[in-house]
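>
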Amino acid sequence: MNPPDVSVQTHIAADAMDIWCAVADPRRITEWSPESTSVRCDVQGPLPVGATFGGSNRNGRRQWSTKARVTESDPGRAFAFDVTFMGMSVARWRYEISESPDGFLVEEQWWERRGVLLRLLGPFSTGVADRRAHNEGGMNLTLAALKVGMEA
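Read in order, the letters of the sequence shown are residues 0 to 151 in numbering that gives the first Met the number 0.
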């Protein structure tokens with residue numbers, strides 16, 4: 000797999016399984032993400048590979064919804080999902096958890112998967128001209144909030 004287009008990380012002084020259970024339950028992302036407003040899923044708790052869920056996002060007055068499918072669900076280690084919009088690829092998101100001297104290193108990764116059409120329409124529908132820079136800022140805020148929540 001190619002390296003992610005954006006990757007941010009933080010150290011969290013918490014149990015790896017607790018961290019994984021949090022990030023592997025997409026409904027919880029709304030607790031930390033500045034852009035995610037709701038997640039719809041029929042399964043409670045951490046999702047297995049193949050599970051699907053829907054997400055709603057907001058940037059200012061602009062709102063949009065996507066669908067996602069879990070591609071990796073490795074307890075205590077990693078969780079990943081692919082996002083689509085109207086059947087078109089948008090992105091891959093992944094959380095990786097690894098042991099570090101002060102707890103666990105949590106890395107949030109993002110791969111750009113949009114084709115030409117979605118890259119052209121994206122700024123109008125989401126209000127984001129530079130998706131990489133926007134996501135990097137949001138990912139840093141997300142991991143900071145996750146750290147606070149997990150260490151509380």
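Just so it is clear, CB atoms sit at the ideal spot from N, CA and C, and this is done for glycine as well. Bear in mind the structure is a predicted one, so any value in this text is a computation, not a measurement.
Excluding sequence positions up to five away, which residues of its chain have a Cβ less than 6 Å from the Cβ of aspartate 81?
Arg68, Thr70, Arg91
> Look at the Cβ atom of methionine 16, then the Cβ atom of glycine 75, and state whether they are nearer than 7 Å.
yes
> Just checking my contact of glycine 102 with alanine 21 at CB under 8 Å: how many whole Å lie between their CB atoms?
In fact, because the Cβ distance is near 14 Å, the residues do not count as touching under 8 Å.
> On the CB-based measure, 16 or more other CB atoms within 10 Å of its CB, does asparagine 134 come out buried or exposed?
buried
> Evaluate glutamine 43 with the Cβ neighbour count: other Cβ atoms within 10 Å of its Cβ, from every protein chain shown; 16 or more gives buried, anything less gives exposed.
exposed
> For glycine 54, count neighbouring Cβ atoms within 10 angstroms of its own Cβ and tell me buried if that reaches 16, exposed if not.
buried
> Between the Cα of isoleucine 18 and those of Arg113, Arg57, Phe78, Trp63, spot the shortest distance and give me the residue it belongs to.
Phe78
> Apply the 10 Å Cβ neighbour rule to valine 89 and answer buried if 16 or more other Cβ atoms are within range, or exposed otherwise.
buried
> Rounding to the nearest angstrom, what Cα-Cα distance links leucine 46 and isoleucine 28 in this structure?
Spanning the two alpha carbons is a distance of roughly 13 Å.
> Could you pull the DSSP bridge partners for leucine 104 from this structure?
In the DSSP output, where bridge partners are listed per residue, leucine 104 has His10, Ser97.
> Just tell me which of Ser37, His10, Gly136, Pro122 has its CA closest to the CA of arginine 61.
Pro122
> The alpha helix (DSSP H) spanning aspartate 17 covers which residue range?
15-22
> With a threshold of 16 other CB atoms inside 10 Å of the CB of proline 2, please say whether the residue is buried or exposed.
exposed
> Which two residues bound the contiguous alpha helix (DSSP H) that contains arginine 130?
130-150
> Measuring CB to CB, does leucine 142 end up less than 7 Å from glutamate 107?
Their beta carbons are under 7 Å apart, which means leucine 142 touches glutamate 107 by this criterion.
> Short of 7 Å in beta carbon distance, which residues of its chain neighbour leucine 117, apart from the five on each side in sequence? Order them along the chain.
Phe84, Met87, Val89
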